[in-house]
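*Asks:* If you're matching positions, the sequence shown starts at 47 in the numbering used here and goes up one per residue. So that we are looking at the same thing, I have put the structure below in structure tokens.
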Amino acid sequence: MSIITGNEEKVIHDATQMLAYGKVVALPTETVYGLAADMNNNCAVQEIYTVKNRPFSNPLIVHIANTSDLLKYSRYIPPFVNVLIDAFWPGPLTLVLKKSSATPEYITGGQDTVAIRMPNHSLTLKIIKSLGTPIVAPSANKYTGVSPTRPEHVINEFNGRISVVDGGVCENGIESTIIDATRNDSFKILRPGTITLEEIQSALKDKGEIITYNLNRDNEIHVPGNYLKHYSPKKRLITFSNYKQLIENFKNIFVIHYSDLLVLDDDISCKIGKDPDSFAKDFYHFLRLGDNSKSNIIAIEEPPKNYGWAAIWDRLNKAKSDKL
Ligand code: TXA
Ligand code: MG
47 MSIITGNEEK
57 VIHDATQMLA
67 YGKVVALPTE
77 TVYGLAADMN
87 NNCAVQEIYT
97 VKNRPFSNPL
107 IVHIANTSDL
117 LKYSRYIPPF
127 VNVLIDAFWP
137 GPLTLVLKKS
147 SATPEYITGG
157 QDTVAIRMPN
167 HSLTLKIIKS
177 LGTPIVAPSA
187 NKYTGVSPTR
197 PEHVINEFNG
207 RISVVDGGVC
217 ENGIESTIID
227 ATRNDSFKIL
237 RPGTITLEEI
247 QSALKDKGEI
257 ITYNLNRDNE
267 IHVPGNYLKH
277 YSPKKRLITF
287 SNYKQLIENF
297 KNIFVIHYSD
307 LLVLDDDISC
317 KIGKDPDSFA
327 KDFYHFLRLG
337 DNSKSNIIAI
347 EEPPKNYGWA
357 AIWDRLNKAK
367 SDKL
């Protein structure tokens, strides 16, 4: 059994001890479960890359519990960033900043920037505080696979070889919004997430910050995790908007839908929420159920393309094999 058991005090103590001894431990966050290690322990960080089978060129997010660590691990913080921290931390907003010399290069994939966030999960914040140093934590799944949102996902992903702190079902269900915050006058969304562009703009406007949202920048920041097919289940995943066409073309389908549909006997259906937040909460869980089912294909009903769905569409476009 790889769940770290006991009362909260014991769980915090045991997880902290493991991290202090250089072990990799899966921790809950409000977005997805992370595969955590002490950011200053090179061997432990190497172990994350090995366990995930992730290339070393793909950098890791630093998770902090005290805002003062931002000043330690980044060398410049544009003034508007303080507005975003006040509005969204602890929470699912990751800031990419210029790194300081205290940030080891083995976590940044050789880049001159560092990604930092303060997760909104009390257990994990207590563990980071008790360790006394920030952790790095990529999503606790094999490279390019589906992120875990429940402790049992992590156990299945690594066949019980990784210790997990049980924080229940993740509140948000998809990864944090990542922004390039290296400049004074503009920011750029590098990965959409729970916090939308509109929410960021409105928080800045409220405080009188005139910051542009710049799509085309000359010195692009590289987000290696964005390049590939990603967040993908093992089975073929298709999106559909016309259900009749879907069942005419395929048999034995694992159907994830939000509309009312008459599901055929041979198929399996999972009803997902109609709004972006409830859709996001079950999305990865249902992809995993689809992978573990007897169906040979997973089909997911296309959500709307309007406000609030950017993060879901980003994940769907990277995860899907094709579209019907
Ligand atoms: O919600 C989250 O952000 C979760 C939880 C566990 O906190 N973490 C997460 O980490 O999604 P990961 O490693 O699965 O995805 C981080 C993404 C990758 O695409 C990586 O390439 C990018 O962030 N990244 C990390 N550091 C970066 C940097 N300095 N510059 C640009 N991209 C960076
Ligand atoms: Mg990931």
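All C-beta atoms in this analysis are idealised placements derived from N, C-alpha and C, irrespective of residue type, glycine included. Note that this is a predicted model, so its numbers are computed, not measured.
Relative to the C-alpha of D60, which residue among I220, D212, A148 and F134 is closest?
*Replies:* D212
*Asks:* How many angstroms separate the CA atom of K118 from the CA atom of S341?
*Replies:* For K118 and S341, the gap between their C-alpha atoms comes out near 50 angstroms.
*Asks:* Does the structure place the segment 169–186 close enough to the segment 245–254 that three or more beta carbon pairs sit under 8 angstroms?
*Replies:* no
*Asks:* Taking only heavy atoms of the ligand TXA into account, decide whether any of them is closer than 7 angstroms to the Cβ of N166.
*Replies:* no
*Asks:* Just tell me which of H268, L308, Y277 and L236 has its CA closest to the CA of N187.
*Replies:* Y277
*Asks:* Report yes if the C-beta of L130 is less than 7 angstroms from at least one heavy atom of the ligand TXA; otherwise report no.
*Replies:* no
*Asks:* Please indicate yes or no: does the CB of I173 lie closer than 7 angstroms to some heavy atom of the ligand TXA?
*Replies:* no
*Asks:* With distances taken from each beta carbon to the nearest heavy atom of the ligand MG, which residues come in below 7 angstroms, in chain order?
*Replies:* P184, S185, N187, S193, E221 and G271
*Asks:* Using the C-alpha atoms, what's the distance from S324 back to G354?
*Replies:* 12 angstroms
*Asks:* Give the DSSP-derived three-state secondary structure of K118 in the structure shown.
*Replies:* helix
*Asks:* Starting from F233 and walking both ways along the beta strand (DSSP E), at which residues does that stretch end?
*Replies:* S232 to R237
*Asks:* Could you give the residue range of the beta strand (DSSP E) that holds V142?
*Replies:* L139 to K145
*Asks:* Between the C-alpha atoms of L169 and T62, what's the straight-line distance to the nearest angstrom?
*Replies:* 11 angstroms
*Asks:* The alpha helix (DSSP H) that contains H59, what's its start and end?
*Replies:* E54 to A66
*Asks:* Which runs of the beta strand (DSSP E) at least 3 residues long sit entirely within the segment 247–295? Give them in chain order.
*Replies:* 282–286
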